[in-house]
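Asks:
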Amino acid sequence: MRILGTEIKAGNSYTLNLNKVKLYSTSEVEVPVIIERGELDGPVVLLTGGIHGDEINGIEVVRQIIAHGWNKPKRGTIICIPVVNIFGFLQLKREFPDGRDLNRVFPGTKKGSLASRFAYQLSNEVLPIVDIVMDFHTGGAQRYNAPHLRVDAAESKSIELAKVFNAPCLYFSSNISKTFRATCSKKGIPYLLYEGGKSGDSDKTIAVEAVKGVLRVLEHLDMVTEGLPDISVNHTTVEITKSSWLRAKKSGFIHPKAQAGDKVKKDEIIASITDPYGRLRHEIKAPHDTFLLNVNYGPVVYQGDAIFHISKDE
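Counted from 1, the sequence shown has number 4 at position 1 by this note's numbering; the numbering is strictly sequential.
What follows is the structure, given as structure tokens:
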């Protein structure tokens, strides 16, 4: 097994770096790749966070796995890249320094933009040996995602692992072109995309939910079986195959009455919109029985802004 030009021997630990990309100041910014290979042969699992530099929850998930030593398998190999977009993370920004969204340039090109070149390295120097990917994300700046997994309904192996991970919600969504997920799919690598919380925020509940899911998968693969916390499941997973965005019909202050992850009934008041002068109060009702995947917690909205991401098949 070779990664980034280094032979990875059984029973050993390595910290390598994806650092071929330099800033315009000629400074190198190292992206640590933490590798633990067990004594016995087994699957190669890649855990990634921070593809978007301001999505702290995903970074925290991978950090906890490393900090507790759960990334040290008795069989197989676990590769952790806690902060993929270290460039964005340094400034807590979503994008790469070239202004591009790293998760929209995969699999990248050898002579393309800065983000594209980095995606090319990850796609060609790490992914070829990987058997399973678990990638951790959050919602946007004011848009809070309920903890859930996203998988493509056509990928049976990903769905099988998603049910082992057992997040509170399983959302079947198609792959988006040029994403990390789409690249893994084309390579035939099962991929779990975890979403939870919002960018620029650290949410312990969201992170713990994801960590337990990772450990359930690693236990299922017989990679890590000792020293685990309680990873039992105390919820029933909601499965969603169709969704839509509920948009504001008025501009003003937004006052959510329901939270991300709630199940609400048809005509239940889930938010209200008011104006600064006390003249307007517009109530927003659930159009049908639904599950709230995402809630916009921004203080103000304009007419047409997305305020709730809701299931259509609850």
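Virtual Cβ for every residue (Gly too), placed ideally from N, Cα, C. Note that the structure is a prediction, hence the values are computed from the model and not measured.
By DSSP, does F109 sit in helix, in strand, or in coil?
Replies: As a working mapping, residue 109 is identified with position 106 in the sequence shown. Coil.
Asks: Can you give the beta carbon distance from N15 to P35, rounded, assuming they're within the 8 Å contact cut?
Replies: Counting from 1 along the sequence shown, the entry for residue 15 is found at position 12. Counting from 1 along the sequence shown, the entry for residue 35 is found at position 32. Incorrect: roughly 16 Å between the Cβ atoms, too far for contact.
Asks: Rounding to the nearest angstrom, what Cα-Cα distance links I62 and T277 in this structure?
Replies: Here residue 62 refers to the residue found at position 59 when the sequence shown is read from its first residue. Here residue 277 refers to the residue found at position 274 when the sequence shown is read from its first residue. Each residue's alpha carbon lies about 36 Å from the other.
Asks: To the nearest angstrom, how far is the alpha carbon of E128 from that of R78?
Replies: The residue you call residue 128 lines up with position 125 of the sequence shown. The residue you call residue 78 lines up with position 75 of the sequence shown. Approximately 22 Å, taken between the alpha carbons.
Asks: Might you give, ordered along the chain, the residues of its own chain that have their beta carbon closer than 6 Å to the beta carbon of D265, omitting 5 neighbours on each side?
Replies: On the sequence shown, residue 265 is found 262 positions in, with the first residue counted as 1. Contacts found: L295.
Asks: What runs of the beta strand (DSSP E), each 3 residues or longer, lie entirely inside the segment 77-124?
Replies: Runs of the beta strand (DSSP E) inside the segment 77-124: 78-84.
Asks: By alpha-carbon positions, which one of I84, L93, L164 and G41 ends up nearest to L26?
Replies: Working through the sequence shown from its first residue, we reach residue 26 at position 23. Considering only alpha carbons, the answer is L93.
Asks: Excluding the 5 residues preceding and the 5 following S126 in the sequence, name in chain order all residues of the same chain whose CB lies nearer than 7 Å to its CB.
Replies: As a first step, residue 126 is located in the sequence shown; it is residue number 123 there, counting from the start. Result list for S126: F109, P110, G111 and T186, in chain order.
Asks: Start and end of the beta strand (DSSP E) containing E242?
Replies: Translated into positions along the sequence shown, residue 242 becomes position 239. Note, E242: beta strand (DSSP E), V241 to I243.
Asks: Around the C-beta of I310, are 16 or more other C-beta atoms found within 10 angstroms, so that it is buried, or is it exposed?
Replies: Reading the sequence shown from its first residue, position 307 is the one you call residue 310. Its Cβ being crowded by 16 or more others within 10 Å, I310 is buried.
Asks: Specify, as a first and last residue, the run of the beta strand (DSSP E) that V154 falls within.
Replies: In the sequence shown, the residue the question calls residue 154 occupies position 151. Looking at the DSSP string, the run of the beta strand (DSSP E) that includes V154 is R146 to V154.
Asks: On the three-state DSSP scale, how would you describe K215?
Replies: Working through the sequence shown from its first residue, we reach residue 215 at position 212. In the structure shown, K215 sits in a helix (DSSP, three-state: H, G or I).
Asks: Looking at I37: is its Cβ nearer than 8 Å to the Cβ of T18?
Replies: Within the sequence shown, the letter at position 34 stands for residue 37. Within the sequence shown, the letter at position 15 stands for residue 18. For I37 and T18, yes; Cβs fall inside 8 Å.
Asks: Hey, how far is the Cα of L164 from the Cα of A122?
Replies: Taking the sequence shown and counting its residues from 1, one reaches residue 164 at position 161. Taking the sequence shown and counting its residues from 1, one reaches residue 122 at position 119. Roughly 25 Å separates the two Cα atoms.
Asks: Using a Cβ-Cβ cutoff of less than 8 Å, which residues in the same chain neighbour K75 once the five nearest sequence positions on both sides are dropped?
Replies: Taking the sequence shown and counting its residues from 1, the one referred to as residue 75 is at position 72. These residues qualify, in order along the chain: S16, E39, G41, I81 and V227.
Asks: Considering only the alpha carbon of each residue, which of I192, I132 and D138 lies closest to E158?
Replies: In the sequence shown, counting from the first residue as 1, residue 158 sits at position 155. Ranking the options by Cα distance to E158, first place goes to I192.
Asks: Between E286 and the rest of its own chain, which residues show a CB-CB distance below 7 Å, the 5 nearest in sequence each way excluded?
Replies: Here the question's residue 286 lines up with position 283 in the sequence shown. Cβ neighbours of E286 beyond the five flanking positions: I272 and S275.
Asks: Hey, E144 and F175 are a contact pair by Cβ (cut 8 Å); roughly how many whole angstroms apart?
Replies: Taking the sequence shown and counting its residues from 1, one reaches residue 144 at position 141. Taking the sequence shown and counting its residues from 1, one reaches residue 175 at position 172. Position check: residue 144 holds Ala in this sequence, whereas Glu was assumed. Rounded, the Cβ-Cβ distance is 26 Å, inconsistent with contact.
Asks: For T208, does the count of other Cβ atoms within 10 angstroms reach 16, so buried, or fall short, so exposed?
Replies: For the purposes of this step, residue 208 is taken as residue 205 along the sequence shown, with counting starting at 1. By the 10 Å Cβ count, T208 comes out exposed.
Asks: Which same chain residues end up closer than 7 Å to Q67 when comparing Cβ atoms and leaving out the 5 residues on each side of it in sequence?
Replies: Translated into the one-based positions of the sequence shown, residue 67 becomes position 64. If we look at Q67 and ignore the five residues flanking it on each side, its Cβ neighbours are A210 and V214.
Asks: Are the beta-carbon atoms belonging to D297 and A263 less than 8 Å from one another?
Replies: Sequence index remark: in the sequence shown, residue 297 carries index 294 (1-based). Sequence index remark: in the sequence shown, residue 263 carries index 260 (1-based). Checking the displayed sequence, the identity of residue 297 turns out to be Asn instead of Asp. Result yes, Cβ atoms of N297 and A263 sit closer than 8 Å.
Asks: Report buried or exposed for G91, applying the criterion of at least 16 other Cβ atoms within 10 angstroms of its Cβ.
Replies: Here residue 91 corresponds to residue number 88 of the sequence shown, with the count starting at 1. G91 is buried by the Cβ-count criterion.
Asks: Going by the CB atoms, is the gap between V86 and G53 shorter than 8 Å?
Replies: As a first step, residue 53 is located in the sequence shown; it is residue number 50 there, counting from the start. As a first step, residue 86 is located in the sequence shown; it is residue number 83 there, counting from the start. In contact: G53 and V86 (Cβ atoms closer than 8 Å).
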